[in-house]
Structure formats: structure tokens, C-alpha cells
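One structure is given here, and the rest of the page talks about it.
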Amino acid sequence: MKRLNQLITRLLIIALVALAAWVGRAHLGKQALVYHLQSYVGARVDARQLHLNAEDATVFLNQVEVASPLHDRKNLLQFEAASLKVDLEALKKRQLVINEGRLSQIKFGSPRTTSGKLERGLFDPPLPLVDESSTEATPPAGVPQSYDQIAGYPAAQKWRDSLIVDVSQTASSEVSSFEIGKTLTQKSQLWVDRFRDPHKQMAHVEKSLTLVEEILSMPVDQLNPLRSGDDKLKDAVAAIDSSRKALEKVGASITEFESQSQKDIYDLSQVQVRDRQMLVSSSGTQKFDSKLINELLIGDIQRKLVANGLDWFQEFRTSLPNPEADFRPLKRGRDVHFAGQVSRPKIEIKKLQIDGAAEFANSHFRFAGTIENLLDDPTKSEHPLTFNFRAQGDPQVIVSGMVDQSRGKKVDSIHFTGHAIPQPAYTLGSNESIQLSMTGDSRLFVDADLNADANDQLGGSITFTFEDVMLHADSVHESAGGAGTAARLNETVSGIQSFRITSTLGGTIYQPTTTFASDLGPQVAASLESVFRDAQQLAQKKKEHRLNKTVEGDLVQLKSSITDGIASLNESWRANYSRLNRLSKRLSTARGPQLTRPNKLR
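Each residue of the sequence shown is one higher than the last, beginning at 1 in full-length UniProt numbering.
Structure follows, in C-alpha cells:
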């Protein structure tokens, strides 16, 4: 379809063929026709057959090839057959008016088997220089070469910086980073310290009571201070009193420990609750910028599609005939227009039917259509030039447009629609962020409206819709979870069946600006957020399980050590209390007076 952009000027060349043919009918013949046409084009012209029907003023041409003056191995145009009906009355006034015509099997840019160069004469103007090694169109000046740069900052790096959660590291945090781990360590040491003093006191009681037993086991004469010089019974009474006080203190500690143990266990349960809450709140919620994802995934595709459309529109506008440069009189002298005389165009094609072959978006197809009101000087027209082409069969492609330069106006517009155009496979994004692949089974729908005014101000929009899409998540950067995230992302993006890109154009035709939006970014962003949310929840469950498992063991051990410690201390206290009572009675008997009894047994 891109080859249609130079159709207008080339059709005027065909009109010159008809003019030369009509003049050659009486004077020049076929060879003269070819000579004059080659002089005009500046390249070789081959016409297999020429026939003139004087009765209805129709020119018939068969198997015509017009070589390109810029590429000697390409044809400017080629067609199998043409019929042009000439207005004889206008021809008498040195005007070529074709009321109606038909071109069949027209092709543009077809290859040549022989060179199309002409031997240049001494006074022939030089041909333009072109680089034939370059076959790709240069993107329009205003279209960014790559959307991987946003405000001078690489888009992939910007995407990685937007990650607030590293799902690949969420489950590997140490339990010691939580409050429960620190609290368990503190509580364990605290109970070790709490038990230390009561155990020391119980050891002192046992030692004192052993001393009392030793004294009471002495012979009676050794207990008499007058004989031994030492009051052993007094020492025994002092030991009994100190032991009684120590047991009272330990008993109070045991009561306090029982209450404190319940409080500490409750405090630890509250710490666990806070840790679980912190585990949820600290994970955050990962959000993705859908516009940034659009730029990462389809920025390059959008750039190429828009550049192709703008390049087509640019070439279409520049291909319009320039009366001052393109159609200078071949004769010497100048035309003099008298006052009141209406200036008429030299060449006018009222209606021309065309069919041929073209290519668009990697798809070849045949087309047919019409061009109306084609003049060598559009400023002399009272009606705009219009054209309409439609592809025959699949895919369905329609191109229509208008060029209105009448009465001082200059408005060019093109409307293009393409339906179900087969597409090749695409790679979206890169392994520096997200990389998706799209199979070659998709179909492209295009709807474009472009216009430009006399000041070359550009307007309009192009919408690209991809249907029958099959996406696969190839890779995700390691900072976002790597292969694991890619595998989970693939489960969601594989359900995306279509997406749309809408590009809005501004600026000028030669320095355009463009912005675009697409629903692919929001769809992929939602998929990524779902993947991250599921990954976070899974990681949180694993971490919570690991946390609970570790804490449960430590907590059970702490509870057991507290319970066993209190029980052991209580058992020792009871044993020593009973022992104290027995020794107190024996000491009382040995001394005579009754000793004060300790507190009742717990």
C-alpha cells in the first residue's frame, strides 16, 4: 500500500503517454512517442503495444514499463493494459482532458531485468543522487527513535526502581529480625536470673540444717558450754532462725514466680500477634505504572507503525504535483494570459479506475479503486482531488483521501482502514525488565485519520488493534523474581486475547509529535500485581510457618523450663521445710525451752 503514495504524479505521467500518443498518431508514431516520454521521465520506457481508436478518441496501451530515473533496476510503474478516453475538443485547445480511463494490473517499484538508464546527452541535466543500498524509510523527525528512554532515564531501570518488594527474598529473612525472637531470648535469660537467688538461698538452708543435725548428734557433755567452752546449741538456734527466714523468702518467690510465669506467657502471645501484624503490614502492596509498562512492551512497535504511517503521509503530500517544478512547458517561450481569460489546467483526469497489487504490514494483496479530479495544477481546480482504493479479498484494506487546494485552500486528508491483516511474531519488552513474545497468528486492524493544513500543521490519530493475540511471558528481571515470576505471569498474560494502541499526532508534517495509550499496559500491570500479591502471600505463609515453628519450639522450651524450675524449687522448699520442723523440735528438746515454730507448710 505504501507504493500508492506516489500514485498521483505517476498517473499524470500516464496522461502524458496518452497526449504523446495522440499527437504521435499523425506525426511521430510509436518510436516518437517513446522518445518524447523518455525525455520527460528521464529513464527508459518500454511499450509492447499501442493502439489508437480515432472514432471514440481512445488510447489503448499494453505491457508498459516506465523505468525509475533514480533506480535503474526498478520500474517507476508498470501496467498490463490501459485505456484512456481523450476529450478532442480540449485537445484542440492544447489541453489534455481524460474523461475516463482504466489501468489494469498496475505495479509500483517492480524490478527490471535490464537497466533503465538512458545514455545521457551533453546538455542533459544530472539525475538526482540516491543511496540504492538504503531501502528502509527514515522515521519521521518528530517520532522518538526508541521509547526505552523516558525523560533521559532508561525505562527498564525506572521499572526496576519502582519495585518495593523483592518477592525472591521475602521468605529468607531471619526470625531473629522479629520481636518474638528477641523477647524469647530476653525472657529466657530473665528466668535464669530469677531462679539464681532462690537456689542460692535453698543451698544455704540445706547447709545450715546440716550444721544443726551435726550439732544435735553430738554427745550431751559436748553440748555443755561450761565444759566445751563453746555454745553449740546457740549456733544451732541461729542456723534454724536463718533457715526459717530464707524459706519464707523462697516461698514468697515461688508464689510470685507462679503469677509472673502466667504474665510472661501472655506477653509472649501478644508479641506473636504484633509480629504477624508486622509481617502483613511490612510486605506492602506492589503497584505497577501501566503507562511505563506500555512504553516498555509496545513502545518500539508503536514507533515503527506510526513512523510508517507518517512516512506514507509525508510521501503522499510531497508526491502531489508542483505546477512550478513538475510541469514546466517543454517548449521555449512563455504563455500570455489576457485579461478576463480563465486559466485552465494543461492536464486533467476526471475519473480513472485502477486495479493492481500492493503490500502493507507484511501482507500482499490486490486492490481496485478510483481517482477523480486529478490536475497538473490543483490550485486551478474547483473541486478537490479524491481517491478511494479497496483491497480485493483478504485482508480488507481501504484507503480514501482528499486533496483540496482549490480557491487558495490547502487541506490534505487521508483515511485508512485495514481489517484482519496477518502479523508476524513480535518480541515485546526486554530481559532487562519484562519480555513477552507474541506468536505470528495475530491479526491487525488499523483505523487512521490524518490531515495537514497549508502551514503543514499535522493532526489526527491512528488506532492499531491486535486481535487473536497469544502472549507468552519469556522472562522477568531477577529483581522482580526472575523465572518464578515469569512462570506465574505466563498463566495470566496467556489469557490476553487482544489489545489496542491509539496514537495521537500533532506538530507539523515534518516535525511531528506523538503520544500513545494502550490497554495492554493496564492488563499486564494487573497481571503482575496479581502475581506479586500471590507470591507475597505465599512467602508470608512460608515465613509465618517458619516463624511459628521456630517460636513454638523455643516457647515450649521456655514454658517447660519455668514450670520445671518452679516445681523443683517448690519441692526443695517443702523438703527443707519439713526438715526444719523436725530439727526445731529436736533442738527444743535439747535446750529445754520451746523454739518458735516457722510458718505453716505451703
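Where a beta carbon is used, it is the ideal one built from N, C-alpha and C, also for glycine. Just so it is clear, the structure is predicted and the values come from calculations on it, not from any experiment.
Run of the alpha helix (DSSP H) containing residue i, from where it starts to where it stops
i      : result
Pro198 : Glu179 to Leu216
Thr485 : Gly482 to Val493
Glu89  : Leu88 to Lys92
Which listed residue (the options) has its alpha carbon closest to that of residue i
i           : options                           : result
Asp554      : Val64, Gly401, Arg44 and Thr185   : Thr185
Lys351      : Ala67, Ser83, Val66 and Asn75     : Ser83
Phe365      : Glu432, Phe387 and Pro422         : Pro422
Asp56       : Gln286, Leu547, Leu428 and Gly101 : Gly101
Glu295      : Thr550, Asn581, Thr515 and Arg546 : Thr515
Lys117      : Ala567, Ala448, Asn388 and Asp46  : Asp46
Ser68       : Gln105, Arg112, Gln95 and Leu375  : Arg112
Gln38       : Leu52, Ser494 and Asn75           : Asn75
Arg586      : Thr183, Asp193 and Met218         : Met218
Leu547      : Pro424, Arg488 and Gln277         : Gln277
Ile301      : Ser381, Asp377 and Leu428         : Leu428
Thr513      : Gln537, Ala307, Thr485 and Ser243 : Ala307
Asp441      : Gly42, Ala425, Arg44 and Asn431   : Ala425
Lys232      : Ser243, Arg303, Asp267 and Glu214 : Glu214
His199      : Ala81, Glu571 and Ser584          : Glu571
Met402      : Glu432, Asp394 and Phe313         : Phe313
Arg194      : Gly565, Leu91 and Lys380          : Gly565
residue 651 : Lys234, Leu305 and Lys549         : Examination of residue 651 is not possible in this model, given that the chain is present from 1 through 602 alone.
Ser430      : Glu478, Thr386 and Val271         : Glu478
residue 604 : Leu91, Asn53, Leu216 and Gln286   : Any answer about residue 604 is impossible in this case: the structure gives the chain only from 1 up to 602.
Distance CB(residue i)-CB(residue j) smaller than 7 Å
i      : j      : result
Ile434 : Val476 : yes
Leu444 : Gly460 : no
Phe178 : Asp275 : yes
Ser188 : Leu558 : yes
Val205 : Asn576 : yes
Arg390 : Gly369 : yes
Asp456 : Ile509 : yes
Leu458 : Leu436 : no
Gly466 : Val446 : Going by the sequence as given, residue 466 is Phe instead of Gly. No, these two residues do not count as a Cβ contact at 7 Å.
Ala525 : Phe288 : yes
His419 : Gln392 : no
Gln201 : Ala236 : no
Leu209 : Arg582 : no
Gln497 : Val469 : yes
Leu103 : Ile354 : yes
Leu96  : Ile347 : yes
Lys410 : Ala454 : yes
Val556 : Thr485 : no
Pro384 : Asp412 : no
Leu374 : Ser381 : no
Rounded distance between the beta-carbons of residue j and residue i, thought under 8 Å
i           : j      : result
Arg73       : Asn62  : Not confirmed; about 23 Å, so no contact.
Ile501      : Gly309 : Wrong, their Cβ atoms sit about 12 Å apart, outside the cutoff.
Phe499      : Leu520 : 4 Å
Gln78       : Val64  : 7 Å
Ser261      : Ile562 : 5 Å
Gln540      : Val280 : 7 Å
Ile251      : Trp573 : As written in the sequence, residue 251 is Gly, which differs from the Ile given in the question. Rounded, the Cβ-Cβ distance is 6 Å, consistent with contact.
Lys107      : Ala357 : 6 Å
Gly495      : Ala535 : Not quite, the Cβ-Cβ distance comes to about 18 Å (not below 8 Å), so this is no contact.
Ile298      : Ser518 : 6 Å
residue 625 : Ala452 : Outside the modelled stretch of the chain, which goes from 1 to 602, sits residue 625, for which no answer is possible.
Limits of the unbroken beta strand (DSSP E) element including residue i
i           : result
Glu467      : Leu458 to Glu467
Phe499      : Phe499 to Gly507
Asp377      : Neither: Asp377 is in no beta strand (DSSP E) and is coded neither H nor E.
Pro111      : Premise fails: Pro111 is in no beta strand (DSSP E) and is neither H nor E.
Tyr426      : Tyr426 to Gly429
Asn455      : Counting along the chain, Asn455 falls outside any beta strand (DSSP E), and DSSP gives it neither H nor E.
Leu61       : Thr58 to Ala67
Phe288      : Run containing Phe288: none; DSSP gives neither H nor E here.
Ile106      : Leu96 to Ile106
Gly418      : Val411 to Pro422
His472      : Leu471 to Val476
Leu52       : Val45 to Asn53
Ser479      : That residue, Ser479, is in no beta strand (DSSP E); it is neither H nor E in DSSP.
Asp404      : Gln396 to Asp404
residue 612 : No information on residue 612 is available, as it lies outside the stretch 1 to 602 that the chain covers here.
Leu385      : Leu385 to Gln392
Pro345      : Counting along the chain, Pro345 falls outside any beta strand (DSSP E), and DSSP gives it neither H nor E.
Ser518      : Pro512 to Ser518
Check: residue i C-beta below 6 Å from any heavy atom of the ligand NAP
i      : result
Gly101 : Absence of the ligand NAP is noted for the structure shown, with no ligands found whatsoever.
What ranges does the beta strand (DSSP E) occupy inside the segment 542–573, keeping only unbroken runs of at least 3 residues that lie completely in it? none
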